[in-house]
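A.B. asks: Sequences listed follow chains A and B, in order.
Quick note on numbering: my numbering labels position 14 of the first sequence as 20, and the sequence is numbered without any gaps.
Quick note on numbering: my numbering labels position 44 of the second sequence as 46, and the sequence is numbered without any gaps.
Provided herewith is a single structure, encoded as structure tokens, for subsequent inquiry.
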Amino acid sequence: MAAPPFRNTIRTMRFMAGEMTQAELGQRVGVTRQTIAAIEQGKYSPSLEAAFRIAQVFGKPLEEVFIWDGDEVELR
Amino acid sequence: MSFREKIHWVSFAAMALVFGWYFLSYPWGIIDSAAGVMASVGMLVPAVIIIIVAMSLATAFFALRMPGDVDLKEDERDRTIHFRGTHLAYYPLVVGIWANLFAVFYQISPGVQLNLLLATVVFAELVRIGAQIFFYRRGY
Numbered sequence: 007m008a009a010p011p012f013r014n015t016i017r018t019m020r021f022m023a024g025e026m027t028q029a030e031l032g033q034r035v036g037v038t039r040q041t042i043a044a045i046e047q048g049k050y051s052p053s054l055e056a057a058f059r060i061a062q063v064f065g066k067p068l069e070e071v072f073i074w075d076g077d078e079v080e081l082r
Numbered sequence: 003m004s005f006r007e008k009i010h011w012v013s014f015a016a017m018a019l020v021f022g023w024y025f026l027s028y029p030w031g032i033i034d035s036a037a038g039v040m041a042s043v044g045m046l047v048p049a050v051i052i053i054i055v056a057m058s059l060a061t062a063f064f065a066l067r068m069p070g071d072v073d074l075k076e077d078e079r080d081r082t083i084h085f086r087g088t089h090l091a092y093y094p095l096v097v098g099i100w101a102n103l104f105a106v107f108y109q110i111s112p113g114v115q116l117n118l119l120l121a122t123v124v125f126a127e128l129v130r131i132g133a134q135i136f137f138y139r140r141g142y
């Protein structure tokens, strides 16, 4: 399976939030612990809504939690 | 492994074992006769009962071991995996149905039609559940 064109800092954010567990984050975002684990490992690309919710839990802007690594989109 | 994924594994194993037994034990020599159709019915009844019992027991077992996970609602990843598995199973289902339509056009025996239809459903189910397990394991 191809890795998504972005990485994330969820593991670091959880550590900085007092070792928040995946289950706790999942509960606050409204997804299962397994889904948080899959997002962290780059095995699942979350919906925009879930991505925003994760960023909101940490009080960070979206681009600090999910960092685009793919090709630049060419603007016309 | 999540509660849902465990249930998928049990479902996949039960389907593969029970219908593996069915297709290996079916008396293919009498498939074109009325007895061939009755043999299918006679073998399908215990097959379905075994699957229902196995699924019920496994669900109860995992529910007792993981009580917290039982009430968890399907989240967006579960739904996406569910849709993708069902989507992949659609193709073998359509191919099998077309094969069965040709069997009807060419007046092939009801025993063959019945088994062809059954094989189609079983194969499509195995593709659906297998794909869902694959997506749970490997991501996408």
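Ideal Cβ placement from N, Cα and C applies to all residues, glycine included.
Since the structure is predicted, the reported quantities are computational estimates derived from the model, not experimental observations.
Just to confirm my understanding: we take His84(B), look at its own chain, exclude 5 residues before and 5 after, and list those with CB closer than 8 Å. What are they?
C.D. replies: Taking the second sequence and counting its residues from 1, the one referred to as residue 84(B) is at position 82. Result list for His84(B): Glu76, Gln134, in chain order.
A.B. asks: Determine, using beta carbons only, whether Lys66(A) comes closer than 7 Å to chain B.
C.D. replies: Against the first sequence, residue 66(A) aligns to sequence position 60. No, its Cβ sits nowhere closer than 7 Å to a Cβ of chain B.
A.B. asks: Taking only beta-carbon atoms, is Leu95(B) less than 7 Å away from chain A?
C.D. replies: As a working note, residue 95(B) is residue 93 in the second sequence. Judged by the 7 Å Cβ criterion, Leu95(B) is not in contact with chain A.
A.B. asks: Restricting to Cα atoms, I'd like to know which of Ser35(B), Asn117(B), Glu7(B), Ser42(B) is closest to Ile99(B).
C.D. replies: Along the second sequence, read from residue 1 onward, the residue named residue 99(B) stands at position 97. Checking every option, the nearest Cα to that of Ile99(B) belongs to Asn117(B).
A.B. asks: So, using beta-carbon positions, are Trp74(A) and Phe21(A) closer together than 7 Å?
C.D. replies: Residue mapping note: residue 74(A) aligns to position 68 of the first sequence, counting from 1. Residue mapping note: residue 21(A) aligns to position 15 of the first sequence, counting from 1. Taking 7 Å as the Cβ cut-off, Trp74(A) and Phe21(A) do not qualify as a contacting pair.
A.B. asks: List, in chain order, every chain A residue whose beta-carbon is nearer than 8 Å to that of Gly141(B).
C.D. replies: By one-based count along the second sequence, residue 141(B) stands at place 139. Chain A residues near Gly141(B): Met7, Ala44, Gln47, Gly48, Lys49, Tyr50.
A.B. asks: Taking the alpha carbon of Val37(A) as the point to measure from, which residue in Ala57(A), Ala9(A), Gly24(A), Gly76(A) has its own alpha carbon closest?
C.D. replies: On the first sequence, residue 37(A) is found 31 positions in, with the first residue counted as 1. Ranking the options by Cα distance to Val37(A), first place goes to Ala57(A).
A.B. asks: What does the alpha-carbon distance come out to for the pair Glu78(B) and Gln33(A)?
C.D. replies: As a working mapping, residue 78(B) is identified with position 76 in the second sequence. As a working mapping, residue 33(A) is identified with position 27 in the first sequence. Roughly 13 Å separates the two Cα atoms.
A.B. asks: Show which residues of chain C have a CB atom less than 7 Å away from the CB atom of Asp73(B).
C.D. replies: Included in the structure are the protein chains A and B, with no chain C among them.
A.B. asks: Listed from N- to C-terminal order along the chain, which residues in the region 65-89 of chain B have their beta-carbon within a distance smaller than 7 Å of any beta-carbon of chain A?
C.D. replies: So the close ones are Leu74, Asp77, Glu78, Arg79.
A.B. asks: Would you mind listing the beta strand (DSSP E) stretches within the region 9-80 of chain A that are 3+ residues and don't spill past its ends, in chain order?
C.D. replies: With a minimum length of 3 residues, the continuous beta strand (DSSP E) runs that stay inside the region 9-80 of chain A are 12-14, 72-74.
A.B. asks: Expressed to the nearest angstrom, what Euclidean distance is found between the alpha-carbon atoms of Val114(B) and Leu120(B)?
C.D. replies: Start at 1 with the first residue of the second sequence, and residue 114(B) comes out as number 112. Start at 1 with the first residue of the second sequence, and residue 120(B) comes out as number 118. Computed Cα separation, rounded: 10 Å.
A.B. asks: Mind the definition here: the region 45-54 of chain A touches the region 32-48 of chain B only if three or more C-beta pairs lie below 8 Å; say whether that holds.
C.D. replies: In short, these stretches do not touch, since the Cβ pair count stays below three.
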